[in-house]
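Okay, structure first, notes after.
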Amino acid sequence: MSEYNPIKQRLLFLFNSNPVIHIKLITNSLRTLSAEQTARITGVYRNIFQVEINEKKHTFQYSDVAIGHVVIAEYSENRL
Numbered sequence: 139m140s141e142y143n144p145i146k147q148r149l150l151f152l153f154n155s156n157p158v159i160h161i162k163l164i165t166n167s168l169r170t171l172s173a174e175q176t177a178r179i180t181g182v183y184r185n186i187f188q189v190e191i192n193e194k195k196h197t198f199q200y201s202d203v204a205i206g207h208v209v210i211a212e213y214s215e216n217r218l
């Protein structure tokens, strides 16, 4: 889990400063599942984080961000 600590720390920083993010979901075949959408981080936990997109909550693992299945615009803009 230590390899995902930078991702978790960045998400915690975003959660505490401004939980509104822009997120894009990508499938395994590198097709864009959804265009970049506005989402709100609702929780950052030990192994997962939760976002709300269009009033529906979604849960992702930090590995999803690491391998590129979840792209967060604010994460790639300003790395810690």
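If you count the sequence shown from 1, you need to add 138 to reach the numbering used here. Using N, Cα and C, we set each Cβ at its ideal position, and we do this for glycine too. All of these numbers come straight from a predicted model, not from anything done at the bench.
TODO: Please say whether Leu152 and Ile186 have beta carbons closer to each other than 8 Å?
DONE: Leu152 is positioned such that its CB atom lies no closer than 8 Å to that of Ile186.
Task: Span separating the alpha-carbon of Ile191 from that of Val158 - done: Taking the Cα positions, Ile191 is about 10 Å away from Val158.
- [ ] Measure the alpha-carbon distance for Val208 versus Asp202 and round it to whole angstroms.
- [x] Each residue's alpha carbon lies about 6 Å from the other.
Task: Selection from Glu193, Lys194 and Val189 that minimises the alpha carbon distance to Ile210 - done: When only C-alpha atoms are compared, the closest one is Val189.
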